[in-house]
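Colleague: Input: one structure, supplied below.
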Amino acid sequence: MHTAEAIVETLEELGVERVFGYPGGRVIELFDHLPDSEVDLVRPRDEREASVMAEVHGRLTGQPGVLSGQGPWIGSLGLIGQMEASLASSPMVVLTEASERGDYSTLAPYQQARGDYGGLSLPKVLDGVTKEHWFPRTPTETLRSVQLAFKHAVAGRPGPTAVVLDGNAVVEAFPEESTPPVWDAREQTRTWQSRPTAEDVAAAVEVLENAERPVIIAGNGVHASGSGPKVPLAAGGSTAGDAASGGSSERRSDGVHAAQAYDELAAVAEAYDAAVVTSYLGKSTFPETDARAAGVIGSFGHEGANQVVSEADALLVVGCRLNPMDTNWQSPSFIRPDEQTIIHADIDTRNAGWVYPADVGLIGDAAETLSDLAAAGRREPTGWAAERAAEARESFSAPECESDASPILPQRAVKEIEAVVDEDTLVTADSGNNRFWLLNYLQTPAVRTYFGSGGVGGMGWANPAAVSAAMATEKDVLAVAGDGGFAMTMTAVETAVEYGVAPTFVVLNDTSLGMVRQMQGEEGDIAGVEFHDTDFVRVAEGFGAEGIRVDDPDALGDALSDGKAADHPVVVDVRIDREQDMAATLSSSFYDEVGGLHE
-18 MHTAEAIVET LEELGVERVF GYPGGRVIEL FDHLPDSEVD LVRPRDEREA
32 SVMAEVHGRL TGQPGVLSGQ GPWIGSLGLI GQMEASLASS PMVVLTEASE
82 RGDYSTLAPY QQARGDYGGL SLPKVLDGVT KEHWFPRTPT ETLRSVQLAF
132 KHAVAGRPGP TAVVLDGNAV VEAFPEESTP PVWDAREQTR TWQSRPTAED
182 VAAAVEVLEN AERPVIIAGN GVHASGSGPK VPLAAGGSTA GDAASGGSSE
232 RRSDGVHAAQ AYDELAAVAE AYDAAVVTSY LGKSTFPETD ARAAGVIGSF
282 GHEGANQVVS EADALLVVGC RLNPMDTNWQ SPSFIRPDEQ TIIHADIDTR
332 NAGWVYPADV GLIGDAAETL SDLAAAGRRE PTGWAAERAA EARESFSAPE
382 CESDASPILP QRAVKEIEAV VDEDTLVTAD SGNNRFWLLN YLQTPAVRTY
432 FGSGGVGGMG WANPAAVSAA MATEKDVLAV AGDGGFAMTM TAVETAVEYG
482 VAPTFVVLND TSLGMVRQMQ GEEGDIAGVE FHDTDFVRVA EGFGAEGIRV
532 DDPDALGDAL SDGKAADHPV VVDVRIDREQ DMAATLSSSF YDEVGGLHE
């Protein structure tokens, strides 16, 4: 067989369900073999959408989302999903090419991205965003590189990897016997999860058992825990998923891989009677309706959650780097290593104690780490966690959430969204003001009900993310974006129509780049913040979907319920009050200490 056919066969062996991509260049050789395989091609309108769909598939399933397309466009349009995957720890494999022209490569032919003088350098681009990338030159190198790309995408901290296919190698015959050998794809891609040492676990248990006010900060590592291949090695034998996660490799019916750390997080919170807060990317790792849940920390998080962290005498940080946005730009009254004992659990030893010095480091997968902590100790309940968390959860409400004003206040809009979110619903949140309104006023009722563009935080993420989530799970999906972000990738509505999934697209529409517009000292200070009032209802109808415009807050609940119940995509254009200043409304006293966007 040709190398391209062998690559597609490898994808089948590794249990890849779908490739997200756009035909062009030498990847056409791969796409030529997909119709005869068990692997489906999902072709949205461009590589940007395909990259986000691949990233979200990896984030939700734990199996690498596969992105494929022509090199110059994978290295430009397709970078948004790769950057998000890198910073949000989502497993992804990119199969692309450099548009080489054989012997003409040194003469700078059209579209070449091999890196020669006169052309582009795709390898240099990929070097900035991927965990690892390969540029194989022979059939044997090519197949081994594809296998290693799948292995490295899930080994340790998950992320994107890439293979730049050589045009000649892809069409060459694959040798029956190669040197070095190409091993069975399932065996070659096996990974094993790490866990902390017994000594470090014992040290952490001692801290938590003796703490008076323990608080857990749960980050994206809880979502990402247990990523790895989920395919059988042999009949009647163990599985690659067992090797990767230490547990069941079965995919649940909702598309979620079973080895994530939600149950273990809840067990540790109960064992040590600890309050639980989350980072932005960690939102919905713990139900925000739970008695010990205190909300989201950070510059745009809940004042109550920030206060709970500041009062803690012991902090267990799980899968969160504690970046400046999550720590109120290191406000001196927030986390204080000289006064608080910090236990930092992360899969990457470089992240533990990165921003704040840690007293105990727990290096390993979040599920393994939390399981060990839950089994090794216990603290008698004092009532502090439940009492303080209950007070903190008051931050999820405000008088504006009940307002009957028109245009609709964004706080009221979010509460109407919250009313249709249950444990079988998933929200994808875009960047901008819409994300921070959701962050503060959407109280998630269960784990895995909220995901946002918070790695690199690109606008336009929510729409293709929702389509991918609808394909990967059996959940109802709501994409929430501002009118700016929605318009960037509104062709994802057509992709949903084409592939027979029915997410609801909610546009919080203030006909502007609201977050940037609100940075103005006075109107007209900043150029480029106003938009033409686009008729998104007609846009939706043009794509074959349904569109609903809502100006009355009392009509929004029904529109969202109808959209969720529909068997086709629905765009709900919600006209919100553009004068509601997000930064002024949400900025906390911690944030004010060090300054911020709204000064």
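Taken in order, the sequence shown gives residues -18 to 580; the numbers are from our numbering.
By construction, the Cβ of each residue, glycine as well, lies at the ideal position given by its N, Cα and C atoms.
Treat the numbers as computed from the prediction; the structure is a model and nothing was measured.
In three-state DSSP terms, what is residue 125?
Modeller: helix
Colleague: Cutting at 8 Å between CB atoms, please list the residues of its own chain near residue 585, excluding the five before and the five after it.
Modeller: A query on residue 585 cannot be resolved here, the shown segment of the chain reaching from -18 to 580 and no further.
Colleague: Anyone know if the C-beta pair for residue 199 and residue 246 falls short of 8 Å?
Modeller: Cβ distance < 8 Å, so residue 199 and residue 246 count as in contact.
Colleague: Which residue or residues does DSSP assign as beta-bridge partners of residue 95?
Modeller: Residue 95 is bridged to 102.
Colleague: Between the Cα of residue 389 and the Cα atoms of 490, 528, 440 and 197, which residue gives the shortest distance?
Modeller: 490
Colleague: Grab me the residues of residue 419's own chain with a C-beta within less than 8 Å of its C-beta, minus the 5 sequence neighbours each way, in chain order.
Modeller: Hits under 8 Å: 395, 398, 408, 410, 431, 433 and 461.
Colleague: Give the range of the beta strand (DSSP E) segment to which residue 171 is assigned.
Modeller: Careful: residue 171 lies outside any beta strand (DSSP E) and carries neither H nor E.
Colleague: Hey, which unbroken runs of the alpha helix (DSSP H) at 4 residues or more fall wholly within the region 292 to 368?
Modeller: 347 to 357
Colleague: How big is the Cα-Cα spacing for residue 555 and residue 451?
Modeller: 22 Å
Colleague: Would a C-beta distance cut-off of 8 Å place residue 533 and residue 314 closer than the cut-off?
Modeller: no
Colleague: Please classify residue 91: is it buried, with 16 or more other beta-carbons within 10 angstroms of its beta-carbon, or exposed?
Modeller: exposed
Colleague: Name, in chain order, the residues that DSSP records as bridge partners for residue 502.
Modeller: Partner(s): none; residue 502 has no beta bridge.
Colleague: For the beta strand (DSSP E) containing residue 276, name the first residue and the last one.
Modeller: 274 to 277
Colleague: Relative to the alpha-carbon of residue 338, which residue among 311, 445 and 12 has its alpha-carbon at the smallest distance?
Modeller: 311
Colleague: How about the region 528 to 545 and the region 498 to 509: do they share at least three Cβ pairs that are nearer than 8 Å?
Modeller: no
Colleague: Roughly how many whole angstroms lie between the Cα atoms of residue 229 and residue 359?
Modeller: Low per-residue confidence applies at residue 229: pLDDT is 30, beneath 50, and the placement is therefore not dependable, though the value from the model is reported in the following sentence. Distance between the alpha carbons of residue 229 and residue 359: 27 Å.
Colleague: For residue 85, does the count of other Cβ atoms within 10 angstroms reach 16, so buried, or fall short, so exposed?
Modeller: By the 16-neighbour rule on beta-carbons within 10 angstroms, residue 85 is exposed.
Colleague: Under the rule that 16 or more other beta-carbon atoms within 10 Å means buried, what is residue 303, buried or exposed?
Modeller: buried
Colleague: Does the count of Cβ pairs from the region 59 to 72 and the region 15 to 22 closer than 8 Å reach three?
Modeller: no
Colleague: Would you tell me roughly how many angstroms separate the C-alpha atoms of residue 99 and residue 32, rounded to the nearest one?
Modeller: 27 Å
Colleague: Could you tell me the distance, in whole angstroms, from the CA atom of residue 336 to the CA atom of residue 301?
Modeller: Straight-line spacing of the CA atoms in residue 336 and residue 301 works out to 10 Å.
Colleague: At the level of alpha carbons, what is the spacing between residue 501 and residue 465?
Modeller: 18 Å
Colleague: Classify residue -2 as buried or exposed, calling it buried when 16 or more other Cβ atoms lie within 10 Å of its own Cβ.
Modeller: Burial of residue -2 is indicated by the presence of at least 16 other C-beta atoms within 10 angstroms of its C-beta.
Colleague: For residue 133, which three-state DSSP category applies?
Modeller: helix
Colleague: Shorter than 8 Å from the beta carbon of residue 555 to some beta carbon of chain C?
Modeller: Protein chain content of the structure displayed is limited to a single chain, and chain C is not contained in it.
Colleague: Could you check what DSSP says for residue 563 in three-state terms: helix, strand or coil?
Modeller: helix
Colleague: Between the region 140 to 156 and the region 104 to 120, do at least 3 Cβ pairs fall closer than 8 Å?
Modeller: yes
Colleague: Which partner residues does residue 49 have in the DSSP bridge list?
Modeller: 2 and 76
Colleague: Would you say residue 463 and residue 421 are within 8 Å of each other, going by their C-beta atoms?
Modeller: no
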